[in-house]
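Report on the structure given below.
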Amino acid sequence: MNKIYKTFETYTDSSVHRISIILDEMIKDIQKWFTDGKFSDSYSFYDKIEKSSMTTSTERFVMFDFFDDNYYYKLTIILKLEDYDEEKREIEDAYLRIKIYDINNNQDVVNTFEDNIKVSDINEDFILQKIDDLKKEVSNKEDVDKATDYNDEYH
28 MNKIYKTFET
38 YTDSSVHRIS
48 IILDEMIKDI
58 QKWFTDGKFS
68 DSYSFYDKIE
78 KSSMTTSTER
88 FVMFDFFDDN
98 YYYKLTIILK
108 LEDYDEEKRE
118 IEDAYLRIKI
128 YDINNNQDVV
138 NTFEDNIKVS
148 DINEDFILQK
158 IDDLKKEVSN
168 KEDVDKATDY
178 NDEYH
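Heads up, the sequence shown is in the working numbering, so the first residue is 28 and it goes up one at a time.
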């Protein structure tokens, strides 16, 4: 019995376990965004939040899909085991990827955000700001494309 307890104690003190707990907390927060948060005003949750389960991977992730009237979104947050600080017992860095797809054709990526961020930055307002920035870029690009088409057609 003592050996089993020590094995469990070693696991619960590992970076893998601690990162798993962090991802579980993120999942709870994300679910709140769609039920009680600002996300619920404009976005609909698509299906479920997927959490990585591969034990051999050096990265762990949370991924989920959502949509609004114009776009379909895929958001992924990745935590690397190598970024876990054993002394502080925390992880500071994460990788965020947000892809926006055309709602009528989920194969057409219209914009993407990919960057290293701080785990502490991962909150509803931060994510909404990134999405708004991406949507503005798409809108600006569409305006430029329309102007170019107009000039090509009439000049």
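Virtual Cβ for every residue (Gly too), placed ideally from N, Cα, C. In this text, all values refer to a predicted model and were calculated from it rather than measured experimentally.
Exposed unless 16 or more other CB atoms sit within 10 angstroms - verdict on ILE158: Counted from its first residue, the sequence shown places residue 158 at position 131. ILE158 comes out buried.
Boundaries of the alpha helix (DSSP H) in which ILE57 is found, first to last residue: Working through the sequence shown from its first residue, we reach residue 57 at position 30. Unbroken alpha helix (DSSP H) run through ILE57: 42-62.
Selected residue, minimal CA-CA separation from LYS55, among PHE91, ASN138 and TYR100: Counting from 1 along the sequence shown, the entry for residue 55 is found at position 28. Considering only alpha carbons, the answer is PHE91.
Residue ranges of each alpha helix (DSSP H) within the segment 103-128, 4 or longer: none
Cβ-based burial, SER147 [other Cβ within 10 Å; buried from 16]: One-based indexing of the sequence shown puts residue 147 at position 120. Exposed is the call here.
Cα-Cα separation, TYR99 to ASP112: Residue numbering aside, residue 99 sits at position 72 when the sequence shown is read from its first letter. Residue numbering aside, residue 112 sits at position 85 when the sequence shown is read from its first letter. Approximately 35 angstroms between the Cα atoms of the pair.
Counterpart residues of THR139 in DSSP-defined beta bridges: Counted from its first residue, the sequence shown places residue 139 at position 112. Residue pairing by DSSP places THR139 opposite LYS126 in a beta bridge.
Buried or exposed (CB count within 10 angstroms, at least 16 for buried), ILE48: Taking the sequence shown and counting its residues from 1, one reaches residue 48 at position 21. By the 10 Å Cβ count, ILE48 comes out exposed.
Any 3 or more C-beta pairs closer than 8 angstroms across the segment 120-131 and the segment 57-70: Touching, no.
LEU106 versus THR139: straight-line alpha-carbon distance, rounded: Looking up residue 106 in the sequence shown gives position 79. Looking up residue 139 in the sequence shown gives position 112. When rounded, the distance between both Cα atoms is 19 angstroms.
Start and end residues, alpha helix (DSSP H) containing PHE92: Position 65 of the sequence shown, counted from the start, is the residue given in the question as residue 92. Per the sequence shown, the amino acid found at residue 92 is Asp instead of Phe. Segment 86-94 is the beta strand (DSSP E) holding ASP92; no alpha helix (DSSP H) there.
TYR99 - partner residues in DSSP beta bridges: By 1-based counting over the sequence shown, the position of residue 99 is 72. The partner list for TYR99 (beta bridge, DSSP) reads PHE94 and TYR128.
TYR163, DSSP secondary structure in three states: Numbered from its first residue, the sequence shown carries residue 163 at position 136. It should be pointed out that residue 163 corresponds to Lys in this sequence rather than to Tyr. It is helical.
Residue range of the unbroken alpha helix (DSSP H) whose run includes SER69: Sequence index remark: in the sequence shown, residue 69 carries index 42 (1-based). Run containing SER69: 66-69, per the alpha helix (DSSP H) assignment.
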